[in-house]
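For reference, the structure is listed below as structure tokens.
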Amino acid sequence: MARSILFSFAHPDDESFSGAGLAGWCLERGIAVALVCATRGEAGKAGDPAVSGAPADLGRAREAELREAARIIGIDHLHLLDYRDRDLSNAPPAEVRLQLVTLIRRYRPDVVLTFDANGFNAHPDHIAISRFTTDAVAAAADPRWAPEAGFAHEVRRLLWTPPIPPWEAVNTQNLAAEPGIDFLIDITPWRDRKAAALRAHRTQHLSIERHFLNKPNLDSILSIEAYRQAWGPPLEVRPVGDVFSGIR
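Take 23 as the starting number for the sequence shown in the working numbering and just add one per residue.
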């Protein structure tokens, strides 16, 4: 069977911040990529000047941005779960589990990527989707959970976002020696595509410009993506340049 990877994030733009390069790396190798986004980001910033006003309008605008970013990256399989932004932690666990288990069993990914247990920056929605995704990965492998959602599937590796933000990682003297840098992916061939995906999130231009586009070393920042192994096959060396390393 063909390999596949599933990204599970909380908001539109998370995929461009944390996985656009890896997605391009996978797609070039014939690895299928699916993306789950739990909210429309309607409680976030609207840009300056504002691209959109009311939360419902902002949610629609950010969904459109997400779809455009996914198109630029090349992701064909996009699923919006439609939970309330900044309230994801209050979503019914059983309901979220069923949706995620259904998608895991549909796409049968070898690797799943989500936020680390602290949500990368302690955002409560990031923490929530990490918790929900970890729960669903475990449940998807157990046929007793949601038999109506399809045949059980065991994900071989769970990846987390790294402990060092990408805009700081390039300034780290010996990044490979840092704990939590378990995979270091050269995404140089896809850095223009990643930049274009980031720019597609027009409502979020302030943070995107601050963290990426206005940095003097932008090309370097866009040349690597790092990930942490939550669990999976043991790594003989760290970091590794292939997130499927050790998966038969």
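We put the CB at the ideal spot given by N, CA and C, even for glycine. What you are looking at is a predicted structure, and each value in this text was computed from that prediction instead of being measured.
Given residue i as reference, the closest of the options once Cα atoms are compared
i      : options                           : result
Ala83  : Gly96, Ile94, Gly69 and Phe137    : Gly69
Val58  : Trp182, Tyr249, Leu100 and Glu64  : Leu100
Leu267 : Ala54, Phe137 and Asp132          : Strictly speaking, residue 267 in this sequence is Ser, with Leu absent from that position. Here the closest residue by C-alpha is Asp132.
Ala162 : Phe142, Tyr129, Pro184 and Ala144 : Tyr129
Asp204 : Arg166, Thr225, Asp35 and Trp182  : Trp182
Arg270 : Arg179, Leu228 and Arg221         : Arg179
Asn196 : Pro261, Leu88, Asp107 and Leu228  : Pro261
Gly66  : Asp35, Gly46 and Arg89            : Asp35
Glu37  : Ala72, Pro211 and Val134          : Val134
Gly81  : Asp98, Val265, Pro71 and Leu102   : Leu102
Pro71  : Gln226, Thr210, Glu200 and Phe154 : Gln226
Arg224 : Ser30, Val73, Ser26 and Asp264    : Val73
Leu240 : Gly263, Asp264, Val265 and Ile209 : Ile209
Leu206 : Asn193, Asp264, Leu244 and Thr194 : Asp264
Glu247 : Ala222, Pro211 and Asn143         : Pro211
Thr156 : Trp167, Ala144 and Thr136         : Thr136
Phe154 : Glu85, Ala76 and Ala116           : Ala116
Environment of residue i [buried if 16+ CB atoms lie within 10 Å]
i      : result
Trp253 : exposed
Arg51  : exposed
Asp109 : exposed
Gln251 : buried
Leu28  : buried
Glu176 : exposed
Pro238 : exposed
Ala158 : buried
Ala272 : The chain is shown only over 23 to 270; residue 272 falls outside these bounds and no answer can be derived.
Ala92  : buried
Gly46  : buried
Val219 : According to the sequence displayed, residue 219 carries Ala and not Val. Per the 10 Å Cβ criterion, buried.
Leu228 : exposed
Asp164 : exposed
Thr194 : exposed
Arg166 : exposed
Ala168 : buried
Contacting residues, own chain, Cβ-Cβ under 7 Å from residue i (five flanking each side not counted)
i      : result
Leu49  : Val55 and Gly96
Ile141 : Checking the sequence, you will find Gly at residue 141 rather than Ile. Closer than 7 Å at Cβ, skipping near neighbours: His148, Ile149 and Ser152.
Gly202 : Pro184, Pro185 and Arg250
Ile94  : Arg215, Ala218, Ala219 and Ala222
Glu87  : Pro34, Ala222, His223, Arg224 and Thr225
Glu200 : Ile186 and Thr194
Ile230 : Leu220 and His223
Ser242 : Val192
6 Å Cβ shell around residue i - same chain, five flanking residues per side excluded
i      : result
Ala139 : Ser152
Ala272 : This structure leaves residue 272 out entirely; the chain is present only between 23 and 270.
Val259 : none
Asp107 : Thr61, Gly63, Glu64 and Ala65
Neighbourhood of residue i by C-beta, 8 Å cutoff - its chain only, sequence neighbours within 5 removed
i      : result
Tyr105 : Ala60, Thr61, Ala113 and Val118
Ala78  : Glu64
Arg127 : Ala162, Ala171, Gly172, Phe173, Ala174 and His175
Pro18  : Residue 18 lies beyond the stretch modelled for the chain, which goes from 23 to 270, so this question has no answer here.
Ile53  : Ala24, Arg25, Ser26, Ile27 and Phe266
Arg89  : Leu100
Residue i CB to nearest heavy atom of the ligand GTP below 7 Å
i      : result
Asp264 : No copy of the ligand GTP appears in this structure; indeed no ligand is present at all.
Q. Can at least three beta-carbon pairs, one atom from the segment 168-177 and one from the segment 118-131, be found at a separation below 8 Å?
A. yes
Q. Using 8 Å as the threshold, is the segment 208-227 in touch with the segment 34-48, meaning 3 or more CB pairs across them?
A. yes
Q: Tell me, please, whether the segment 179-193 touches the segment 228-238 by the rule of three or more beta-carbon pairs shorter than 8 Å.
A: yes
Q.
Ignoring anything shorter than 3 residues, give me the beta strand (DSSP E) runs that lie fully in the segment 186-228, in order along the chain.
A. 205-208
Q: Could you tell me which uninterrupted beta strand (DSSP E) segments, each at least 3 residues in length, are contained entirely in the segment 62-124, listed from first to last along the chain?
A: 99-105
**Q.** Length at least 3, wholly inside the segment 126-173: the beta strand (DSSP E) runs in chain order
**A.** 133-136
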